[in-house]
Amino acid sequence: MFLKNYRTVIFVGAIIAAALILLSYNLRYDTGTSVLKKIVMEAAEPVQKMFSASVEAVENAWRRYIHLVGLEEENRKLNKTINALQEELNLYKEGNLEAQRLKKLLSLQDTYPHRFFAARVIGKELSMISKTLWIDKGEKDGLMSGMPVLVSPGLLGRLTDISWHSSKVLLLVDENSNVDVLIQRTRVQGIAHGAGSRGCVLKYVPKIQDVRVGDVVVTSGLSNIFPKGLLVGKVSYVNRVDAGLFSKIYLAPFADLASVEEVMVLAAGQQEPKQREKKEE
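Residue numbers 97 to 377, in the working numbering, belong to the letters of the sequence shown in order.
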């Protein structure tokens, strides 16, 4: 019991002695920072470093977030600019293609000495039973039923129904279409009858006549509707074997019926409206 108490006294005494020694050392060598303070600072250094690293990580994350937000906004603006430029480029391409098509159409005026009316296609009916178009010109613009309708490089059809500001075009391939034509090479005549998806059938050509695949077919000028020499198409098929007096001949029209957007209406074989009015008076 006495030994245990003695040990306690010794332990407490040692602590007091150590404290006195440290105090005496600090008083004797006052360098501005006590040993005890240094010990505390050394112990706190890892914690301070960890805290500083955490703060720095948070600051870096925040800066990255702000940077990403800025990049997102910049990217949005760039995408908007790109879309606007693409739309502008597309409009330029469309305008350029339209100018090329119109230039080809206008070149027809140098080929045929007739009055022309330029028009846009506003509707199509390319069903099994009807092959027609609607254009944005009509009676108020001087158009009349029967006028030929052309595209580059050839005949497309003729006007049938006319309203004040629009007109219906009966295409060459419609089964109600018949055009007096001739083979350009041999001058053999016939009638181009609409055959739908097969193009046109060249009717009433005797088997003895010289007709070959690839022959160019033009209007003969026998009717008062189509002037002579309008390009119609090329012979795509000839059959002289079947029974009958006439060859079975198919034509492929020059006009691209599916992609036509603008047309030229030819005032050939028709009285001009003003001249007609004068005669009626």
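Yeah, the Cβ is synthetic: ideal placement off N, Cα and C, and Gly gets one too.
Asked                                                                                                                                                                       : Found
Output the distance between the C-alpha atoms of VAL356 and ILE162, rounded to the nearest integer angstrom.                                                                : 54 Å
Could you compute how far the alpha carbon of ILE304 sits from the alpha carbon of ILE279?                                                                                  : 14 Å
Which same chain residues end up closer than 8 Å to PHE350 when comparing Cβ atoms and leaving out the 5 residues on each side of it in sequence?                           : PRO249, GLY250, LEU251, LEU327, VAL328, GLY329, LYS330
Identify the continuous beta strand (DSSP E) that holds ASN335 and give its terminal residues.                                                                              : 327-335
Tell me, to the nearest whole angstrom, how far the beta carbon of VAL269 is from that of LYS227; I am working on the premise that it is less than 8 Å.                     : 5 Å
Once you ignore the five residues that flank ASP257 on each side, which residues in its own chain have a CB closer than 8 Å to its CB?                                      : SER241, SER263, LYS264
Taking 8 Å as the cut-off, decide whether the C-beta atoms of VAL301 and VAL309 are in contact.                                                                             : no
Run the CB neighbour count on SER316, radius 10 Å, all protein chains shown included, and call it buried at 16 or more, exposed below.                                      : buried
Within this structure, are the beta carbons of HIS261 and GLY234 separated by less than 8 Å?                                                                                : yes
Would you kindly check if the distance between the Cβ of ILE231 and the Cβ of ARG216 is under 8 Å?                                                                          : yes
Drop a sphere of 10 angstroms on the beta-carbon of ASP311, count the other beta-carbons inside from all chains shown, and report buried for 16 or more, exposed for fewer. : buried
Measure the beta-carbon distance from LYS347 to SER332 and round it to whole angstroms, keeping in mind my assumption that it falls under 8 Å.                              : Checking the displayed sequence, the identity of residue 347 turns out to be Leu instead of Lys. With 8 Å as the limit, LEU347 and SER332 qualify as a contact, their Cβ atoms being about 6 Å apart.
Counting only beta-carbon separations shorter than 8 Å, does VAL165 have a partner in chain C?                                                                              : The chain labelled as chain C is not found in the depicted structure, where only one protein chain is given.
How many angstroms separate the CA atom of GLY292 from the CA atom of LYS324?                                                                                               : 24 Å
Please classify MET243 as buried or exposed, where buried requires at least 16 other C-beta atoms within 10 Å of its C-beta.                                                : buried
Per DSSP, ASP276 is paired with what?                                                                                                                                       : ILE287
What does DSSP give as the partner residue(s) for GLU152 in the beta ladder?                                                                                                : DSSP output for GLU152 lists no bridge partner at all.
For ASN320 and VAL334, what's the separation of their Cα atoms in angstroms?                                                                                                : 29 Å
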